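Q:
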DNA sequence: ACGCTATCGTAC
DNA sequence: GACGTACGATAGCGTT
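In our numbering, the protein residues as written are 442 to 1339.
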C-alpha cells in the first residue's frame, strides 16, 4: 500500500451535517429534510476537489449491538435517538455513495471506530499514510507518524491535523488521549470517567504521571480530595478505558489496496443530487455544459425519447388526426425573437405523450421544409377546437406569436405549465422550463445557447440538432403537465388554476397583444424641457458645493453632505449613510443643498425611467406599447408588468401626470378607467368580519374619516384633515403589519403616541386583532396561507426563533390573504368583463390592469354602455360580506382619467 | 463588455 | 431591525 488512504467516519459526518443546518434545514423537492445529504456530500466533494484521493472508504457503525454494549449495557444509553428525518437520510446517502462507487464498510458487532482503528494501526506498523475524517475526539488516539486526522475547523471546512496539533488541542499527546478520556468520560456515549475530574485536572494528571497506571501508582502524591475521587472511581476509570479502547484486530476487512475510487456514471449521480434538491452539488460534479453535451447525444433518439422531424405532408395530416383524437397535446413554437410582438415562427414542436415528439420546421438551414401555409392551417384547426387542451410553457408567448402569424381564433382550453408550477409554489424564484425540468423532473434539458451559437438564429441550426432541442421542449412540457396536473388536484388548486388563472392567461395575452398608444413626440419634447431644468439645478448645486460631482451617485453625495458640508447623518445603510428622501427632507431644514438634490432626483428619475424610456418601447409594427404581464411574478397572486412596467407610471404630482397624459387612445376611442374603492380594506373587513370596519363599507362612508373619528373620539364631521391623514396611514399600516416605530417615523410623532394610536385602532376594530392572531397561529400550524380563491403561499419563516425573521413572516402571513384576495377579485372581474364584452359584441378592449384599476379603450359610441357594464361586472365579480364599490371615468388620455 | 449588488424611487 | 407586493435606473465593483 503506497497511496494515502482516506477513511471517512460516516455517522460522525452525517450527524454533524444534519445539525449544521438545524436552524434552517434544507429540503428536497419532495419536502423531505436533506440537510445531512447535502452537508455530507458537500464535505466529501470538497475533499475530493482539494486532495484528489485515489483510495478512500466510508465507514459506518454496525446495526447490531457491539461488544461494548455487552460489557456495559449503559453504553450510549443516554444518547438521544436520532430524529426520524435524519435517519431517513442514511439510505439516501448510501444510495449516492453506491452510485459514486465509493467503498462502504460496515461489520456486525463492531463500530466504525474499530474498523478505522484496524486500518490505522496497520498503516502505522507498515508505514503507509492514512487520514481519518471525523469530528470524534476518540479517534484522535490513532494519530501518529503516518496517521493524521481531518477535523472541522472554524471556517466550516476540514483541517488536517498531526500529532503536534492534537497535543496542542488537548494538552496531551495522541497516545495519552485514551487515558485522558478515561478520566474525563464522554457524555455523548455515556462513558462514566471519574466524577469530579474534568479536562483541566485530567491534563494535569496525565502530564505528571504519563498514564492511568502511573496515576494510581502515585496516588499518595495527590491532594486528599483527588485521592478520594480516584480511589472511589477506580473501577469506572478502567472500565471507561476499556470501552473507548478501539479494537485494532477487526477481521475480514478488505485489504486497503482494494479501497480505491474509480469512474462512475456522473449523470446518474447528478440526477440523484437534483432529486435531493442539491443543485449546487450537481453543478459542482460536472459543469452543466459537459452534462448537457452528453445529454445531446442520446436525446435525439435515445432510450427515453423519440424525436421526429416532420417534413412530409401526409405525415402532417396523420399528426393532425392524432391530435384531434388525443384532445390534449403540448405545442411549442420556435421563433427568431424573444419579443413575441416581433417574433416570426421558425418551427413548431408537438408532443402527444411523454417521450415522443415531432418538430415541424418552417425555416431550417439546408432542409426542404413543408409549406408554411399548410402548417399554419393545421395548427389553426387544432387550436380552434374547444374540445382540445393546449399544454404549453409560458403560453402567453406562443399565443401572441401565433396570433400575429394569423391564428386568431384560439378556443382550445389552456394549460400553462409555468403558471401551474407557480401556483403550486409561488415562493420558488424561477419558473423557466429548464429550471422546472431540473426541479420537478430531475431532467437536464438542452439549453438554447448550446444549440444556437452566439450571433446565430434558430433557423441556422441544422435539422437534427434543431429537432433534438425543439422536440425536447414539447416533450418536457408534456411531462411537466403529467407531473403538475395531479399535484394541482392534490393541493386543492385545480379549480383556481382552471377557472381563474387559465382563463386569465388568455385575457392577458389579448391585452398585451392590443397594446396602448403613446404620444412619443410629446414625451420627447418634455424630455428636452427636463434636461434643461436638470442642468440648471445641477449648476446651482455645484455652485453651492464649490465643486462638480455626480449627483446621482449616493457615494459621492455622502462625501458632499456628511463630510464637506458636515451635516448630521440621520440613518445608516449597509454600506454607509443613507441619502434617501426622508433623510434629505430632514437635512433640508438646515442646509439649502438637500432641497435641490431632492428636486434634481425627482426630475432625473422621471426622465430616465419614463420620459426617455417609454418612447423606445413603441413597437415598430404596431406603433403601440405592449407591456408583458407576469402571471408568475409575485408571491401573493398579484400581476406584475414589465418591458415596460406600466404599473408604476407616476400619478401623484403634476410632473408625473404629464407622463400619463402621453398615453392616448386610438382615433375615435376614449379611455375608460375603473377602480375599486379601498379594495384591500374591504377584503380586510370581509376576512376579519369586524362589524365596525364593515359598517363603513355598507354605509359607503369614507373609511379613513371613520377611523379618525373612532380613534380620536370625535364626530365624523369634526375630523380634521390632519386626523384623517393619521387614520389613513394607520389603516394601511395595519394591513402591512406596521410597527409603532415605523408609524412614528412616518407621521413624525413620538413612538408612544404611535403605539397609542395603534392600540386605539385595535380597540375600535376588535375583530381585526382577532383575525391577525388567528391567521398567524394557523400559519404556524400549516406553514402556509391561502387567499379567497385558494391561492397558496408558503411562509417558511413563521417558525423561526429569530425575532426579525419571525415578525417578518407574520406580516407576510397577514398581508398575503389581503393583497392576494384583492388580486383574485380583480382577476375574476377581468375574466367576467372580457366575457361580457365579447357576448355583447362590443369592440371595447381591456388594455391595462394596475392592481385595483382596469383601463379600457372604447369606441366613442360604446363608452356609456360599456361604463355601466364595467361597473356592474366589477362590483359583482365576487360576493363578499361587504359591498365593493367601483368608480369610473372616461377621457382622452390616461392622465385625464385619474 | 457584461453581470451582480446596493440604493433609490415609482406604483398599488 | 423597524411596512406588504412589484420593476427598473444608476453607480460601482468584480469578472470575462
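Ideal Cβ placement from N, Cα and C applies to all residues, glycine included. Source: prediction; values computed, not measured.
Return the chain-ordered ranges of every beta strand (DSSP E) run that is complete within the segment 1079 to 1128 and spans a minimum of 3 residues.
A: Qualifying beta strand (DSSP E) stretches, in chain order: 1081 to 1083, 1110 to 1117.
Q: On the DSSP bridge assignment, give the partners of residue 496 in chain order.
A: DSSP lists 446, 701 as partners of residue 496.
Q: Starting from residue 831, follow the beta strand (DSSP E) in both directions and report where the run begins and ends.
A: Run containing residue 831: 830 to 833, per the beta strand (DSSP E) assignment.
Q: Can the beta-carbon of residue 1037 be found less than 8 Å from the beta-carbon of residue 982?
A: Yes, Cβ-Cβ distance for residue 1037 and residue 982 is below 8 Å.
Q: Kindly list the residues whose CB is nearer than 8 Å to the CB of residue 742, restricted to its own chain and excluding five residues on each side of it in sequence; keep chain order.
A: Low confidence applies to residue 742: its pLDDT is 42, below 50, so where it sits in the model is not reliable, and the reading given next is rough at best. Contacts found: 748.
Q: Ignoring anything shorter than 4 residues, give me the alpha helix (DSSP H) runs that lie fully in the segment 1001 to 1071, in order along the chain.
A: Listed in chain order, the complete alpha helix (DSSP H) runs (minimum 4 residues) inside the segment 1001 to 1071 are 1022 to 1028, 1033 to 1046.
Q: Hey, how far is the Cα of residue 1169 from the Cα of residue 1292?
A: In a straight line, the C-alpha of residue 1169 is about 19 Å away from that of residue 1292.
Q: If you drop the 5 nearest sequence neighbours on each side, which residues of the same chain put their C-beta closer than 8 Å to that of residue 1101?
A: Counting only Cβ-Cβ distances below 8 Å, and skipping sequence neighbours, we find 1090, 1091, 1092, 1334, 1335, 1336, 1339.
Q: Figure out for me which residue from 709, 840, 1315, 987 has the closest Cα to the Cα of residue 1329.
A: Nearest option by C-alpha distance: 1315.
Q: Which same chain residues, not among the five before or five after residue 594, have their C-beta less than 8 Å away from its C-beta?
A: Hits under 8 Å: 600.
Q: Pull up the distance between the alpha-carbon of residue 1213 and that of residue 1255, whole angstroms please.
A: Answer to the nearest angstrom: the Cα atoms are 6 Å apart.
Q: Label residue 947 either buried or exposed according to how many other C-beta atoms from any shown protein chain fall within 10 Å of its C-beta, with 16 as the threshold for buried.
A: Buried, because 16 or more other Cβ atoms sit within 10 Å of the Cβ of residue 947.
Q: Any idea what DSSP makes of residue 1291, helix, strand or coil?
A: Coil at residue 1291, not helix or strand.
Q: Quick one, are the C-beta atoms of residue 872 and residue 787 less than 8 Å apart?
A: Cβ distance not < 8 Å, so residue 872 and residue 787 don't count as in contact.
Q: Residues bridged to residue 1234 by DSSP?
A: According to DSSP, which records beta bridges pairwise, residue 1234 is partnered with 1226.
Q: Using a Cβ-Cβ cut-off of 8 Å (strictly less than) and excluding sequence neighbours within five positions of residue 816, which residues of its own chain qualify?
A: Answer for residue 816: 757, 789, 801, 803, listed in chain order.
Q: Which two residues bound the contiguous beta strand (DSSP E) that contains residue 717?
A: Careful: residue 717 lies outside any beta strand (DSSP E) and carries neither H nor E.
Q: Using CA coordinates, which residue listed in 902, 778, 589 is at the minimum distance from residue 806?
A: Among 902, 778, 589, the Cα nearest to that of residue 806 is on 902.
Q: Just reading off the alpha helix (DSSP H) that residue 1150 is part of, what are its end residues?
A: 1144 to 1153 is the span of the alpha helix (DSSP H), which, as asked, contains residue 1150.
Q: One question on the structure: do residue 582 and residue 609 come within less than 8 Å of each other, judged by their Cβ atoms?
A: No.
Q: If we ignore side chains and look at the alpha-carbon of each, how far apart do residue 558 and residue 552 end up?
A: Rounded to whole angstroms, residue 558 to residue 552 spans 10 Å at the Cα level.
Q: Drop a sphere of 10 angstroms on the beta-carbon of residue 1062, count the other beta-carbons inside from all chains shown, and report buried for 16 or more, exposed for fewer.
A: Residue 1062 comes out exposed.
Q: Spatial neighbours of residue 1241 within its chain, please: CB distance less than 6 Å, with the 5 preceding and 5 following residues excluded, ordered by chain position.
A: Cβ within range, chain order: 1247.
Q: Need the endpoints of the alpha helix (DSSP H) that residue 661 sits in, please.
A: Note, residue 661: premise wrong, no alpha helix (DSSP H); not H, not E.
Q: Ordered along the chain, which non-local residues of its own chain (more than five positions away) have a Cβ less than 6 Å from that of residue 878?
A: Counting only Cβ-Cβ distances below 6 Å, and skipping sequence neighbours, we find 884, 886, 917.
Q: Using 10 angstroms around the beta-carbon of residue 919, count the other beta-carbons present and answer buried if the total reaches 16, otherwise exposed.
A: Buried, since its Cβ has 16 or more Cβ neighbours within 10 Å.
Q: Counting along the chain, where does the alpha helix (DSSP H) carrying residue 953 start and finish?
A: Run containing residue 953: 943 to 955, per the alpha helix (DSSP H) assignment.
Q: On a Cα-Cα basis, can you pick out the residue from 750, 1187, 857 that is closest to residue 905?
A: For the residues 750, 1187, 857, the minimum Cα distance to residue 905 belongs to 750.
Q: Using the Cβ count rule (16 or more neighbours within 10 Å means buried), how would you classify residue 870?
A: Residue 870 is exposed by the Cβ-count criterion.
Q: For the segment 585 to 593 and the segment 533 to 542, state whether three or more C-beta atom pairs, one from each stretch, are separated by less than 8 Å.
A: No, the segment 585 to 593 does not touch the segment 533 to 542.
Q: For the alpha helix (DSSP H) containing residue 844, name the first residue and the last one.
A: 836 to 846 is the span of the alpha helix (DSSP H), which, as asked, contains residue 844.
Q: By DSSP, does residue 872 sit in helix, in strand, or in coil?
A: Residue state, collapsed to three classes: coil.
Q: Label residue 665 either buried or exposed according to how many other C-beta atoms from any shown protein chain fall within 10 Å of its C-beta, with 16 as the threshold for buried.
A: Exposed, because fewer than 16 other Cβ atoms sit within 10 Å of the Cβ of residue 665.
Q: Buried or exposed: residue 779, going by 16 or more other Cβ atoms within 10 Å of its Cβ?
A: Residue 779 comes out exposed.
Q: Which of helix, strand or coil does DSSP assign to residue 770?
A: If DSSP states are grouped into helix, strand and coil, residue 770 belongs with the strands.
Q: Thinking C-alpha only, which one of 1031, 1007, 999 is nearest residue 1019?
A: Out of 1031, 1007, 999, 999 has the C-alpha closest to the C-alpha of residue 1019.
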